[in-house]
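Chemist: When the letters of the sequence shown are read in order and numbered with mature numbering (1 follows the signal peptide of the UniProt record, and there is no 0), they come out as residues -23 to -1, 1 to 210.
Built from N, CA and C at the ideal position, the CB exists for glycine as well.
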Amino acid sequence: MYTFSLLCALGLFAAIQVPRTSAVSESEKKEIVEKHKDLRKHVQPTARNMLNMEWSDKAAANAKKWADECQEQHSTPPFRNTGNGILCGENLFMSSHPVKWSTLIQSWYNEVKHWKFGVGAIDGAMIGHYLQIVTYKSKEVGCAYAYCPNNKLPHYYVCHYCPHGDINPEEPWEPGQPCGACKDSCSDGLCDNGCKVYDLFRNCEHFKWACPFFAIFRDEYCPATCQCDGKVK
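#1: Please report the distance separating the alpha-carbon of Cys120 from that of Asp169.
#2: Comparing C-alpha positions only, which one of Lys93, His13, Asp15, Val118 sits nearest to Thr59?
#3: Whole angstroms is fine: what's the gap from Cys65's alpha carbon to Gln204's?
#4: May I have a chain-ordered list of the beta strand (DSSP E) segments no shorter than 3 residues that lie completely inside the stretch 130 to 191?
#5: Could you work out which residue in Tyr107, Arg17, Lys208, Lys185 is closest to Cys172 when comparing CA atoms only?
#6: Using the Cα positions of Arg25 and Ile104, report the straight-line distance between them to the nearest angstrom.
#7: When you compare the CB positions of Trp43 and Val135, do they come within less than 8 Å of one another, or not?
#8: Please list the segments of the alpha helix (DSSP H) lying wholly inside the stretch 33 to 59, counting only runs of 4 or more residues, in order along the chain.
#9: When we look at the beta-carbon of Thr202 and count the other beta-carbons within 10 Å, is it buried (16 or more) or exposed?
#10: Assuming Ser33 and Tyr122 form a contact by the criterion Cβ under 8 Å, report the distance between their Cβ atoms to the nearest whole angstrom.
#11: Quick one: using the 10 Å Cβ neighbour count with 16 as the cut-off for buried, is Pro189 buried or exposed?
#12: Which one or two residues does DSSP pair with Tyr124 in a beta bridge?
#13: What's the gap between the Cα of His137 and the Cα of Ala36?
#14: Sort out for me which residues DSSP pairs Glu8 with in a bridge.
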């Protein structure tokens, strides 16, 4: 009886996937951020409102939580919430062998060959990874890695992009002179004047007149519309 129970326990333990997570090093964080910056500032046509990118520990922590799940699918919104109702986008990469962060980020970006500005996907191909990288509004990135031994492709990489925003698949940025929307707040072709609050509704601009009169509108429903004149939002 004891032998059977022990064997059952060992079999159950073997069936449970125990991911091995490796922390993203400081040099890898820099590699990830700089790669995104380089790709974003070289989009064509050039972008007048492309925001600069920086590392987010909150986004990275959420990415790690999902990587540790070892599920070969995208996470649900609770895994991508960094607080204050801010949801992040997500890119996944799975491989049979370790891959450099800059290499896998480039592979996501390479979906651009199936995309055209003003049109969107030109042949029905997947372009979501590319759009996550180049949507103008995302200004924070956080990534994580886990080794998932039971997966067919065990090397599992996750990046979260914040905020997710409403990605326009045809025009994910405004075309124009680089930094045209932030002439006094520009770093190497990328805007540093991103609004730090976000609207909860898409049609806030239609009700901007309400900003001075209703605190709940100004502070909760449409704070970007009410508080971020002159900033990229």
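Modeler: Looking at the coordinates:
#1: Residue numbering aside, residue 120 sits at position 143 when the sequence shown is read from its first letter. Residue numbering aside, residue 169 sits at position 192 when the sequence shown is read from its first letter. Near 21 Å, if we compare the C-alpha coordinates of Asp169 and Cys120.
#2: Residue mapping note: residue 59 aligns to position 82 of the sequence shown, counting from 1. Looking at the Cα atoms, Val118 is the closest of the given residues.
#3: Mapped onto the sequence shown, residue 65 falls at position 88. Mapped onto the sequence shown, residue 204 falls at position 227. Approximately 22 Å, taken between the alpha carbons.
#4: 132 to 139
#5: Indexing the sequence shown from 1 puts residue 172 at position 195. The candidate whose alpha carbon is nearest that of Cys172 is Lys208.
#6: Here residue 25 refers to the residue found at position 48 of the sequence shown. Here residue 104 refers to the residue found at position 127 of the sequence shown. Going from the Cα of Arg25 to the Cα of Ile104 covers about 22 Å.
#7: Taking the first residue of the sequence shown as 1, we reach residue 43 at position 66. Taking the first residue of the sequence shown as 1, we reach residue 135 at position 158. Cβ distance < 8 Å, so Trp43 and Val135 count as in contact.
#8: 34 to 44
#9: Along the sequence shown, read from residue 1 onward, the residue named residue 202 stands at position 225. With 16 or more Cβ atoms within 10 Å of its Cβ, Thr202 is classed as buried.
#10: One-based indexing of the sequence shown puts residue 33 at position 56. One-based indexing of the sequence shown puts residue 122 at position 145. Not really, about 16 Å apart at Cβ, beyond 8 Å.
#11: Residue 189 sits at position 212 when you count from the first residue of the sequence shown. Pro189 comes out exposed.
#12: In the sequence shown, the residue the question calls residue 124 occupies position 147. Beta-bridge pairing links Tyr124 to Arg(-4), His132.
#13: Within the sequence shown, the letter at position 160 stands for residue 137. Within the sequence shown, the letter at position 59 stands for residue 36. Whole-angstrom Cα-Cα distance: 6 Å.
#14: Position 31 of the sequence shown holds residue 8. Note: Glu8 sits in no beta bridge, so no partner.
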